[in-house]
Amino acid sequence: MVGYDLSCNKCGHTVNISEWVGQHDTDQEIEEKIRKGEFGEEVKKFYDEHGGPITVLYELYRCEKCDLISEEIYVIIAKNNDEFLMHQTCKECGGNTSLVNMSIEGTDHIPCPKCHRGRLVMTGEFLWD
Ligand SMILES: [Zn+2]
Ligand SMILES: [Zn+2]
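The sequence shown: position 43 = 43 (full-length UniProt numbering), numbered continuously.
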């Protein structure tokens with residue numbers, strides 16, 4: 001696992017990405033929710049067709065409307081490596097979200113979710129088991 005601290009270069013607002021990692025459901029719990037239809041019909045159909053066990057990958061998403069950053073399910077991989085890409089909408093405002101690829105683009109293009117004027121810069125990166 002990798003954690004990041006992102007700080008706004010204007011207002012100093014800090015986003016700690018490692019916080020969200022601990023709040024994840026396990027793959028088994030996600031699988032259970034998919035089976036119950038909690039993630040919608042589309043992914044349930046995918047699961048019914050492909051079967052488990054599944055692997056769940058998370059990525060960072062940014063809301064195009066309110067700039068909220070959150071870590072959400074990006075892809076669900078069933079056996080035979082079939083992938084289902086999740087469509088995410090913002091939890092706060094319901095706006096469209098887009099994937100933030102930090103490893104390629106860095107983070108300094110990400111607007112601050114608090115002041116919307118600054119950009120988030122990475123101030124710390126750490127690894128743990
Ligand atoms: Zn939003
Ligand atoms: Zn800010």
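All residues carry an ideal CB built from backbone N, CA and C; glycine is no exception.
Exercise. Can you tell me whether DSSP reads Met86 as helix, strand or coil?
Worked result: Translated into the one-based positions of the sequence shown, residue 86 becomes position 86. In the structure shown, Met86 adopts coil according to DSSP, grouped into three states.
Problem set entry | Of the listed residues Val56, Asp108 and His116, nearest to Thr26 (C-alpha basis) | Position 26 of the sequence shown, counted from the start, is the residue given in the question as residue 26. Measuring C-alpha to C-alpha distances from Thr26 to each of Val56, Asp108 and His116 identifies Val56 as the nearest.
Exercise. Can you tell which of Glu29, Gly124 and Arg62 has the C-alpha that lies nearest to the C-alpha of Gly95?
Worked result: Looking up residue 95 in the sequence shown gives position 95. Of the candidates Glu29, Gly124 and Arg62, the residue whose Cα lies closest to the Cα of Gly95 is Arg62.
Exercise. When burial is assigned at 16 or more other CB atoms within 10 Å of the CB, is Pro53 buried or exposed?
Worked result: Here the question's residue 53 lines up with position 53 in the sequence shown. Counting Cβ neighbours within 10 Å, Pro53 comes out exposed, since fewer than 16 surround it.
Exercise. Hey, Ala78 and Gly40 are a contact pair by Cβ (cut 8 Å); roughly how many whole angstroms apart?
Worked result: Within the sequence shown, residue 78 is the residue found at index 78, counting from 1. Within the sequence shown, residue 40 is the residue found at index 40, counting from 1. Going by Cβ atoms, the distance from Ala78 to Gly40 rounds to 16 Å, so no, they are not a contact pair.
For this session: Starting from the N-terminal side, write out each stretch of the alpha helix (DSSP H) that is 4 residues or longer and does not extend beyond the region 29 to 102.
Result: With a minimum length of 4 residues, the continuous alpha helix (DSSP H) runs that stay inside the region 29 to 102 are 41 to 50.
For this session: Give me the Cβ distance between Leu6 and Thr107, rounded to the nearest whole Å; I'm assuming they're in contact under 8 Å.
Result: As a working mapping, residue 6 is identified with position 6 in the sequence shown. As a working mapping, residue 107 is identified with position 107 in the sequence shown. Contact annotation, Leu6 with Thr107: C-beta distance approximately 6 Å; criterion of less than 8 Å satisfied.
Exercise. Who does Arg119 pair with in a DSSP beta bridge?
Worked result: On the sequence shown, position 119 is the one that residue 119 refers to. Per DSSP, Pro111.
For this session: Consider the C-beta atom of His13 and the heavy atoms of ligand 2; say whether any pair is separated by less than 7 Å.
Result: In the sequence shown, counting from the first residue as 1, residue 13 sits at position 13. Shortest gap from the CB of His13 to any heavy atom of ligand 2: under 7 Å.
For this session: Whole angstroms is fine: what's the gap from Lys36's alpha carbon to Pro113's?
Result: On the sequence shown, position 36 is the one that residue 36 refers to. On the sequence shown, position 113 is the one that residue 113 refers to. The straight-line gap from Cα to Cα measures roughly 33 Å.
Exercise. Which residue comes first and which comes last in the beta strand (DSSP E) that contains Thr14?
Worked result: Taking the sequence shown and counting its residues from 1, the one referred to as residue 14 is at position 14. Element bounds for Thr14: Thr14 to Asn16.
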